[in-house]
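Enquirer: For reference, the structure I am asking about is given below.
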Amino acid sequence: MKCRNGFIPVATFFLCRFLLKNSARNDKRMSHSFPIFVRLQDSCFHFDSNFLYSKRKLCEKLLKELFSENNSYLEQNLLEEKSFNEAIYMKPNSHNMKSIFKLVPVFCLLLFVMSSCKSQKAVVDANQEPEEVIEETTPEPTPPVKKEEPKEDPEAANRALDARLSNYFGQIANASSINAANNNIREAVGMFSNGEAPVLIIFYAANGTEDFDEPTTITKYLNYLKDLKKAPHKVKEMVMDSQGRIKELVLVKK
Amino acid sequence: MNNQIFKRLSYVVALMAFFAVSTQAQSPVDPNREKAIDSLALEKVKDLGKYIAIIGNKDTPFSEANRVMDRAEELFAPGSEMGVSSLASEEIKYYKVREYFQRLMALNYDKVNIEWYDVQYISDLERQPDGRYVGVVTIYQKFEGTTADKMNYKDTTKKDITIYVEKKKTQIAGRTIEFWDVILGDIRVSETSV
């Protein structure tokens, strides 16, 4: 579970505000002072525990405004002189104290949540640290290396096979004697499923279409290199059989 | 009435345009492609020159010469003939290609050197009504034969080779592969000189 630090103050703010509103509105004992209290919350609520005292001047201003607007409210004797003063200074009236005490569990809960998030993070960090230590202490993390190797194997093997075959092409074409060329042919044919493995030669490719020369076999092709003493093609594609030998070869002009 | 005739005419023109475009699309309009096919055919002719040199070479083992003869014969259309000339005679003899190769291999010289050069088109490949491309390539063949007693014979012959190129299909590993088949026809002697 991840704890987002930025979210907590915001959530705390809205939660407290909601609870304060509801508690003020629902509590009948605060009925004479709830308009003032609500107005105060709306105007100057923040996390300072002494906010009510520190914003005294603002409270006075707001109360004056409120009473000037709500004359009818005053006329109904819902607010007495005593409660008016208490409301202004928010001295420890029993009603107000009760409403403030209601906030205590909420703050406690929030503090607990925040601390638990931090503690969880600390636990997570504590869990991660030993792993890092283990990685540092073990010089060769063998399992990941072993996993990476098989991924590179087919490509590397193909490249190696391509290079080996191209090397044979060159050796056959430049052989000093017929016997030397034939030996190379024999070795090269060993890389194929059999001597009759088809060889396709692309002599022109454009716009997604490929033009092929007459298909031949690998034995004939290698002998062709020997006879002409040149290797004019390069490997384009190799189709492998289940035993890892080439069963079809596609060449293209160099 | 005039509108109806105009409509019908427009349909006919549209149909003709469609067929013109479709037939155009079937032919290899791409000049680079045609060039590649020309080169492919020319390469086959040059290959034949190499094969002939190997077959005629006295140092070539018999088995190798026979193998090369097979490869060379595969280049020709069945029944194709090769013209042979000599400075000693004005007569030009024609042999089936296989027979020509065998006679070449059996020439009564201790050393034979054959070289083809100046291989080029004298008539470009042109599409025929049957879909094949036909062209003519000319080559110069320099022949030199030496006997054990150092008797030497040499000549240069200009020969014309008819070439056919056509698209064929074959099955490879269950797939149909279209390829360009280059087939050599008769080889005619046009000039013989020292």
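For the record, the sequence lines run as chains A and B.
Position 157 (the first sequence) corresponds to 156 in numbering that gives the first Met the number 0; numbering is contiguous.
Position 166 (the second sequence) corresponds to 165 in numbering that gives the first Met the number 0; numbering is contiguous.
Yeah, the Cβ is synthetic: ideal placement off N, Cα and C, and Gly gets one too.
A quick note: this is a predicted structure, and the numbers were derived from the prediction, not measured.
(1) Indicate whether residue 133 of chain B and residue 125 of chain B have their beta-carbon atoms separated by less than 8 Å.
(2) With 8 Å as the threshold, decide whether the Cβ of residue 22 of chain B is near any Cβ in chain A.
(3) Note down, in chain order, every chain A residue with its Cβ under 8 Å from the Cβ of residue 32 of chain B.
(4) Taking the continuous beta strand (DSSP E) assigned at residue 81 of chain B, which residues delimit it?
(5) Going by C-alpha distance, which of A:243, A:221, A:253 and A:220 is nearest residue 154 of chain A?
(6) Compare the beta carbon distance of residue 181 of chain B and residue 193 of chain B with 8 Å and say whether it is the shorter of the two.
(7) Based on Cα-Cα distance, which residue from A:228, A:211, A:241 and A:224 lies nearest to residue 235 of chain A?
(8) Using a threshold of 8 Å, state whether the C-beta atoms of residue 178 of chain B and residue 214 of chain A are closer than that.
(9) Under a CB-based cut-off of 8 Å, is residue 199 of chain A close to chain B?
(10) Quick one: residues in its chain with C-beta nearer than 7 Å to the C-beta of residue 239 of chain A, no 5 flanking neighbours on either side, listed in chain order?
(11) Under three-state DSSP, which class holds residue 33 of chain A?
(12) Which chain A residues are close to residue 178 of chain B, counting only those with a beta carbon under 7 Å from its beta carbon?
(13) In angstroms, rounded to a whole number, what distance separates the CA positions of residue 184 of chain A and residue 167 of chain A?
(14) Which residues in chain A sit within 7 Å of residue 212 of chain B, going by Cβ to Cβ distance?
(15) What are the residues of the stretch 226-243 of chain A that lie near chain B, defined by any Cβ-Cβ distance shorter than 9 Å?
(16) Alpha carbon to alpha carbon, how far is residue 131 of chain B from residue 183 of chain B?
(17) Does residue 130 of chain B come out as helix, strand or coil in the three-state DSSP assignment?
(18) Within the same chain, show all residues whose beta-carbon is closer than 8 Å to that of residue 160 of chain A, passing over the 5 residues directly before and after it, in chain order.
(19) In terms of residues, what are the limits of the alpha helix (DSSP H) holding residue 62 of chain B?
(20) What would DSSP say about residue 174 of chain A, mapped onto helix, strand or coil?
(21) For the stretch 89-168 of chain B, which segments carrying the alpha helix (DSSP H) assignment without a break, of at least 4 residues, lie completely within its bounds, in sequence order?
(22) Can you name the start and end residues of the beta strand (DSSP E) that residue 184 of chain B belongs to?
(23) Does the beta-carbon distance from residue 64 of chain B to residue 104 of chain B come in below 8 Å?
(24) Taking only beta-carbon atoms, is residue 25 of chain B less than 8 Å away from chain A?
(25) Residue 145 of chain B and residue 95 of chain B: beta carbons closer than 8 Å?
(26) Run through chain D and tell me which residues come within less than 7 Å of residue 177 of chain A, C-beta to C-beta.
(27) Report the neighbours of residue 247 of chain A on chain B: residues whose CB is nearer than 8 Å to its CB, in chain order.
(28) Rounded to a whole number of angstroms, what is the C-alpha to C-alpha distance between residue 129 of chain B and residue 167 of chain B?
(29) Could you tell me the alpha carbon to alpha carbon distance between residue 187 of chain A and residue 164 of chain A, rounded to whole angstroms?
Expert: Here's the rundown:
(1) Taking 8 Å as the Cβ cut-off, residue 133 of chain B and residue 125 of chain B qualify as a contacting pair.
(2) Residue placement at residue 22 of chain B is flagged as unreliable, the pLDDT there being 46, under the threshold of 50; the coordinate-derived value follows with that caveat. No, because no Cβ of chain A sits closer than 8 Å to the Cβ of residue 22 of chain B.
(3) Per Cβ cutoff of 8 Å: 203, 205 and 210.
(4) First-last of the beta strand (DSSP E) with residue 81 of chain B: 80-85.
(5) Distance from the Cα of residue 154 of chain A is smallest, within the candidate group A:243, A:221, A:253 and A:220, for A:243.
(6) Contact flag unset, no.
(7) It is A:211.
(8) In this structure, the beta-carbon distance from residue 178 of chain B to residue 214 of chain A falls below 8 Å.
(9) Cβ-Cβ to chain B under 8 Å: yes for residue 199 of chain A.
(10) Within the same chain, residue 239 of chain A has close Cβ partners 245 and 246.
(11) Annotation note: pLDDT 44 at residue 33 of chain A (below 50); position unreliable, no value reported.
(12) Chain A residues near residue 178 of chain B: 211, 212, 213 and 214.
(13) Rounded to the nearest whole angstrom, the C-alpha separation of residue 184 of chain A and residue 167 of chain A is 8 Å.
(14) The shown model of chain B, from 0 to 193, leaves out residue 212 of chain B, and the question about it has no answer.
(15) Across the stretch 226-243 of chain A, CB contacts with chain B closer than 9 Å involve 226, 227, 228, 231 and 238, in sequence order along the chain.
(16) Using only the alpha carbons, I get a separation of about 13 Å.
(17) In the three-state reduction of the DSSP assignment, residue 130 of chain B falls in the coil class, being assigned neither a helical nor a strand state.
(18) For residue 160 of chain A, same chain residues with a beta-carbon under 8 Å away, outside a window of 5 residues either side, are 190, 237 and 245 in chain order.
(19) Element bounds for residue 62 of chain B: 61-73.
(20) Coil, per DSSP.
(21) Those alpha helix (DSSP H) runs which fall completely within the stretch 89-168 of chain B and span 4+ residues are 96-104.
(22) From DSSP, the beta strand (DSSP E) with residue 184 of chain B extends over 174-192.
(23) Yes, these two residues count as a Cβ contact at 8 Å.
(24) Its pLDDT being 49, under 50, residue 25 of chain B is placed unreliably by the model, and the measurement read from it follows with that caveat. Not closer than 8 Å to any Cβ of chain A, the Cβ of residue 25 of chain B fails to qualify, so no.
(25) With contacts defined by Cβ atoms closer than 8 Å, residue 145 of chain B and residue 95 of chain B do not form a contacting pair.
(26) Looking at the structure shown, chain D is missing, and the protein chains on hand are A and B.
(27) Neighbours of residue 247 of chain A on chain B, chain order: 171 and 172.
(28) Approximately 13 Å, taken between the alpha carbons.
(29) In this structure, the straight-line span from the alpha carbon of residue 187 of chain A to that of residue 164 of chain A is close to 7 Å.
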